[in-house]
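Worksheet for the structure shown next.
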Amino acid sequence: MKENVCIARFKAVVCLLAVCICGLSSCSSEEGDLRKPVIETLDDSFPTNCQVYVKGGVIPFHYAFTDDVELGNYNIEVHNNFDHHTHSTEAGDCPFDPVKKPVKPWVYNRDFSIPPHSLRHDARVEIPIPDDIDTGDYHFMIRVTDRAGWQELKSVSIKIVEAS
Amino acid sequence: MRNIFVGILLLFMLHSRAETSDTIPPHAARSVTLDEVVVVGGREEAGSRLLPSLNVVRVGQDWMDEQRAGSLMQTLDGVPGVRAMHIGSGQSKPLIRGMGFNRVLVVENGLRHEGQQWGDDHGLEIDQFAVDRVEIIKGPAALFYGSDAIGGVVSLHSRVMPMKPFEAGVRLFAQTGNASAGLSARVGGRRGRHYYKVCFTVVDYADYKVTTDSVRYYSYRIPLRKRRLRNTAGREYDGSMAWGYTGENFSTRVDASLVHLESGFFADAHGLEVRLSDIDYDRSSRDVDLPCQRVNHVKLTNHSLWQTGDVRWESRVAYQANWRKELSEAVSHGYMPLPPGNVERSFRKQTLAAGIGLEVDVQERHRLQAGLTADFQHNRRGGWGFILPAFEALSLGGYLLDRYTLSDALTLNAGIRVDRASLHVHRYRDWFLTPVADADSVHKERSPEGRWTFRSLTWSVGGRYVSGAWTWKVNVGKSFRVPQPQEVGADGVNYHVFRYEKGMPDLQPEESYQLDAGMAWRTEQAHLHLEPFVNYFPNYIYLLPTAGYTEGLQTYVHTQSRVFRWGFEAGASYRVLPRLEVGVQGEYLYAVQLSGAGKGTALPFSPPWRAGLELKYVFPSADGTGDGFVGCSYTLVGSRNRIVPPELPTAGYGLVNVSAGKAFAWKGHRMSVHVQGLNLLGKRYYDATSYYRLIDVPGPGRQFSVLLGMEL
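The listed protein sequences correspond, in order, to chains A and B.
Under our numbering, the first residue of the first sequence is numbered -12, with each subsequent residue one higher.
Under our numbering, the first residue of the second sequence is numbered 20, with each subsequent residue one higher.
Next comes the structure, spelled out in structure tokens:
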């Protein structure tokens, strides 16, 4: 008999808690931005995987960034891959030059801001390639954030050669 | 006076009897739901004995043997509210109700276990086979341990005293998923008032098997040979010894232990970067190539108890050295040229801790405890990569608590603690030059010299009411965490996850207020329990992802925001037939940031809900020495879509596990065998809190494990 009373009491507590839980969950539907920005490759996007550029020339960077809430900033970074340490995020392999030691490798690293409240940004940057750098395999990194701090990145393998 | 001595002696005898028996009474050891709030005999440890209002789960070696997995926290992963954060297959770290890293505390034999617990890829560095039993305190436990005991405490005990002049035991463990093999042997003995114990453990595991032929990272496909996660093999060598003296009103014990770990990190991605290498990772699935980690953890402790008059004194002294190296192939990055050697990071942390406490009965119904603790840490760094600056830290604490037994049914407890922590962070500058606009190249400063002093006042109040089969508990407590050196002082790249992390010099100690309740109803036939909690942080230290870039990497800033969390664990089991028991248990957690730039979002590493159904059939034997069981469980884990950068949404999944065990006597020796089949359906799933989640590596596939035990 006593146990039945106990069970009844327990049930009451469980029901009460269930009500609390439902109440609390329903008031917490505000979720905010949960999606990463997107790096869109356009028909005339540069650079793309395995492209070859010449020293002293220009990379006519062009990609589009989109986000569902608000874009943040983007960054372009170029570093050497003479030791073949990393792969691009693109499918398919590019032919690599033999492994070599960097002497005067090209380092490019710049941040760019996107106008506030942008959902889409067409990014165009003329990136001059210095003419006194090592030729060879490079990585071209594109990083973009949104206001909430999500980041998308794209890594493209390019090659820099002597101007003929 | 003589009565007191007799009483103490009796207590000691009871205590040691309890020590040698299993922590959980036979029916509960077999039970499919764990004892949550029911207090069992005199087996409570200092941390919970005087705080009966806290929710505590205790498990003994038998239960652990049934659940035995590759690392301590993976073994404990089935405890409601407790999760393992996997770092490969052989290492893991604790997560209690979604709190991990420096928000849970691991305590070994009453002393803080000090590793490098702040890092995503830092494991626990504990020999799980040397642990006799585990007590998990869910909720604020700052009173005894000071900083970090916010989410809870994993308290490990290897204090079981040998009872015979000579005793020995061997356990063999093997698992198919990572082809691991482990051997643990222990000997011990007792002559009069002296005893000793020695334990050795060796574990070796290969690259672990997953349920996929390739890992897709961004749009790059990483092929896996024989479905093995390249270079996740490792090994562990542990040794510990103890000598003790146990007298009528004085007992003391010295423990020494060494844990050596070596394990590889997945070879094809380092941090968040896809990596190529000339290393032939596939030549062996058992070798550890770069990148990898090597850890040595040395511990030397003394614990003494003595009785003078009505007062029971207790002292603890400990020295710990944690030497950790993270090695990887040298690669130039940004303005950093090709670095010399393979040591990317090294940490040498030494800790000296001491504590003294006293316990006394006042007017029969009050049990008072007071104590002082001191803890000095000395940390040095090395290697070409920077995350954590060198530092020294000194913490001093004092506490006072009272357990008031109003009646057999009702016990109240209250306590207060003050802490003072000072931190000295050393300056660190890059070893290479970075060009700075309109100036020469400089060795950039990544951590300025700085000194901080933090003070904290914490408290806890609660009560427990036991009536027949019912136990009710309620507790309110405040706990805190002193900011980590990198949270206040760092300004540099975290290559674990390729982001730029900025410290915030004016951070305040993180504070947490938590209301816990517990109710349980237990009869021979059935067991029900429910432990809800609500938790509020006025200043949770959150590493906020920003939209900005620093030196080409996304900038994360340490900030403080208000956080609200609530959740519960619940379970029920029922003996359908005398030998068949069915149980369900589940846990849920909700966390939200109430202020700051992350307002409305969740907290990192919040585990999704989990629910399990278990059936267990028991074969009892006449004398209890030949018990056996077979069990089957289905665990459902919810999806995780409330995430914060850079986490990935994770779909829910269900796993089927089976287990069986049997004890028997062979030539007078106690033998036991346990087998487990995990993820029997070979389900491909992603573990939301795994170190490898960010690079899209699934959890282990179908695997079997066996544990053989023999007591001489």
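Note that beta-carbon positions come from the ideal geometry of N, C-alpha and C, so glycine has one too.
For clarity, every value in this text was computed on a predicted model and none was experimentally measured.
Below-8 Å beta-carbon distance, residue i vs any chain A residue
i: Asn554 (chain B); result: no
i: Glu550 (chain B); result: no
i: Arg721 (chain B); result: no
i: Glu570 (chain B); result: yes
i: Ala566 (chain B); result: yes
i: Arg294 (chain B); result: yes
i: His462 (chain B); result: no
i: Gly353 (chain B); result: yes
Beta-carbon proximity list for residue i, same chain, < 6 Å, skipping 5 on both sides
i: His316 (chain B); result: Glu144, Val278 and Asn341
i: Tyr575 (chain B); result: Arg518, Glu520, Leu562 and Pro564
i: Asp20 (chain A); result: Val56 and Ala135
i: Pro358 (chain B); result: Ala349 and Trp403
i: Gly718 (chain B); result: Tyr704 and Asp706
i: Met523 (chain B); result: His577
i: Trp478 (chain B); result: Ile435 and Lys497
i: Gly44 (chain A); result: Ile116
Contacting residues, own chain, Cβ-Cβ under 8 Å from residue i (five flanking each side not counted)
i: Val362 (chain B); result: Lys344, Glu345, Leu346, Gly401, Gly402 and Trp403
i: Val41 (chain A); result: Ile116, Ile147, Val148, Glu149, Ala150 and Ser151
Per-residue burial, residue i [other beta carbons within 10 Å of its own, 16 or more giving buried]
i: Thr327 (chain B); result: exposed
i: Trp491 (chain B); result: buried
i: Ala670 (chain B); result: exposed
i: Leu596 (chain B); result: exposed
i: Glu113 (chain A); result: exposed
i: Arg594 (chain B); result: buried
i: Asn755 (chain B); result: The displayed coordinates of chain B run from 20 to 731. Any statement about residue 755 (chain B) would go beyond what the structure contains.
i: Val90 (chain A); result: exposed
i: Lys368 (chain B); result: buried
i: Phe410 (chain B); result: buried
i: Thr472 (chain B); result: exposed
i: Thr644 (chain B); result: exposed
Helix, strand or coil at residue i according to DSSP, with G and I counted as helix
i: Gly734 (chain B); result: Here chain B comprises residues numbered 20 to 731, so residue 734 (chain B) is not present and cannot be evaluated.
i: Asn250 (chain B); result: coil
i: Ala161 (chain B); result: helix
i: Val611 (chain B); result: strand
i: Met523 (chain B); result: coil
i: Arg116 (chain B); result: coil
i: Met182 (chain B); result: coil
i: Asp96 (chain B); result: helix
i: Glu85 (chain B); result: helix
i: Tyr575 (chain B); result: strand
i: Tyr227 (chain B); result: coil
i: Lys245 (chain B); result: helix
i: Arg474 (chain B); result: strand
i: Asp301 (chain B); result: helix
i: Arg313 (chain B); result: strand
i: Leu91 (chain B); result: helix
i: Leu713 (chain B); result: helix
i: Ala149 (chain B); result: helix
i: Gln80 (chain B); result: helix
i: Arg598 (chain B); result: coil
i: Arg68 (chain B); result: helix
i: Arg240 (chain B); result: strand
Min CB distance residue i to chain B below 8 Å
i: Ala135 (chain A); result: yes
i: His66 (chain A); result: yes
i: Gln138 (chain A); result: yes
i: Gly59 (chain A); result: yes
i: Thr132 (chain A); result: yes
i: Leu29 (chain A); result: no
i: Ile145 (chain A); result: no
i: Asp119 (chain A); result: no
i: Ser151 (chain A); result: no
Residue i Cβ short of 7 Å to the ligand SAM heavy atom set
i: Asn698 (chain B); result: What this structure holds is no ligand at all, so the ligand SAM is not there to describe.
Cβ shell of residue i (< 7 Å), same chain only, five flanking positions each side left out
i: Ser12 (chain A); result: The predicted position of Ser12 (chain A) is uncertain, since its pLDDT is 47 and thus under 50; a value taken from the coordinates is nonetheless stated next. Here the set comprises nothing.
i: Tyr256 (chain B); result: Val221 and His279
Item to check | Near-chain B residues of the stretch 76 to 110 of chain A - C-beta to any C-beta below 7 Å | outcome: Result list: Thr76, Glu77, Ala78, Pro89, Val94, Asn96 and Asp98.
Item to check | Residues, ordered as in the chain, of the stretch 634 to 657 of chain B that lie near chain A by beta-carbon distance below 8 Å | outcome: Hits within the stretch: zero.
Item to check | Selection of the stretch 577 to 592 of chain B by Cβ proximity to chain A, strictly under 9 Å | outcome: Cβ contacts with chain A come from Trp585, Phe587 and Ala589.
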